[in-house]
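As structure tokens, the structure follows; a few thoughts come after it.
Numbering (this note's numbering), first residue to last: 454 to 510.
See the structure below:
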């Protein structure tokens with residue numbers, strides 16, 4: 454099974470999804486944020502640091 458059939462990743466590491474372009478590291482940070490939120494982690498500074506990583510481009 455080829456993962457590129459489901460997630461078309463270009464040579465720069467960008468994924469185009471519903472008209473938005475995401476880098477693979479952005480998707481990893483979003484997955485970490487979702488996991489931490491689902492596990493009820495109450496560390497505000499961890500969330501702030503991860504969100505700042507997302508908007509730092």
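Glycine included, every Cβ here is placed at the ideal spot set by N, Cα and C.
- Query: With C-beta atoms as the reference, is residue 496 less than 9 Å away from residue 489?
  - Reply: The answer is yes: Cβ separation under 9 Å.
- Under 9 Å between C-beta atoms of residue 483 and residue 507: Yes, the pair counts as a contact, with Cβ atoms nearer than the cut-off.
- How many angstroms separate the CA atom of residue 481 from the CA atom of residue 493? Looking at the two C-alpha atoms, the distance is approximately 19 Å.
- Task: Keeping to the same chain, check which residues put their C-beta closer than 8 Å to that of residue 468; ignore five residues upstream and five downstream.
- Result: Excluding residues within five positions, the ones whose Cβ falls inside 8 Å are 460, 461, 462, 474, 475, 476, 477, 480.
- Going along the chain, which residues of its own chain have a beta-carbon closer than 6 Å to the beta-carbon of residue 436, five neighbours each way excluded? It is not possible to answer for residue 436, since the shown part of the chain is limited to 454 through 510.
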